[in-house]
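Working notes, structure below.
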Amino acid sequence: SMWTTDNDHAAQLQFHTGRHIFDGFYPSVGSWVHYGLGTLNRNLPRFIVLGPPPGDCCGGVGAHGADYLGPEHAGVKMRIDPRNPLPFGSPGSSVFREERADQMGLLKQLNHLAAIEYPGDKAMRARIKSYELAY
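The opening residue of the sequence shown carries number 1123 in the working numbering; numbering runs sequentially from there.
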């Protein structure tokens, strides 16, 4: 069985982070595991979240976030639908391969320019790294 000092939905945040909802946001257990142990595979997400995260009343993204560890340690949301676990991970059927390659090339150029303009933005660097890993 499981026991917590928080009642109702706030217990979800305490389960994932070990902190009370009024303590603020702290890294989740999955974020700490990735931060401490790293990853065995460079081509897969390091830490995934299955199903919908708790709502805003219950810690929301804080339940699966990395907070001060940095966005590269946050969970990647996946659905529990086996036919479409990563709905944003594949292009539509109307997109041609060459067109997709052109889109990714343009995105890479724009990301490079943004990285030059905002060199200290860790969240942006993590998103760029995720895009490069995915495509």
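All C-beta atoms in this analysis are idealised placements derived from N, C-alpha and C, irrespective of residue type, glycine included.
Contact check, residue i vs residue j, beta carbons under 8 Å
i	j	result
F1137	T1126	yes
P1149	A1188	yes
G1192	F1147	no
G1158	I1202	no
A1237	M1226	no
Backbone CA spacing between residue i and residue j [nearest angstrom]
i	j	result
Y1253	R1222	13 Å
P1207	V1171	11 Å
Span of the alpha helix (DSSP H) around residue i
i	result
L1229	R1219 to E1239
D1191	In the sequence as presented, Asp is not what sits at residue 1191; that position holds Leu. That residue, L1191, is in no alpha helix (DSSP H); it is neither H nor E in DSSP.
S1153	V1151 to L1159
Contact set for residue i: own chain, Cβ-Cβ below 8 Å, skip 5 residues either direction
i	result
A1133	T1126
Residues near residue i in its chain [Cβ-Cβ closer than 6 Å; skip 5 each side]
i	result
F1169	G1152, H1156 and G1197
Residue i - partner residues in DSSP beta bridges
i	result
I1202	According to DSSP, I1202 bridges with nothing at all.
V1171	K1199
Own chain, CB closer than 7 Å to residue i, minus 5 neighbours either side, in chain order
i	result
L1229	Y1253
Endpoints, beta strand (DSSP E) assigned at residue i
i	result
L1135	Not the beta strand (DSSP E): L1135 falls in the alpha helix (DSSP H), residues A1132 to T1139.
Closer than 7 Å: residue i CB and nearest the ligand HEM heavy atom
i	result
M1246	Of the ligands one can find in the structure shown there are none, so the ligand HEM has no counterpart to examine.
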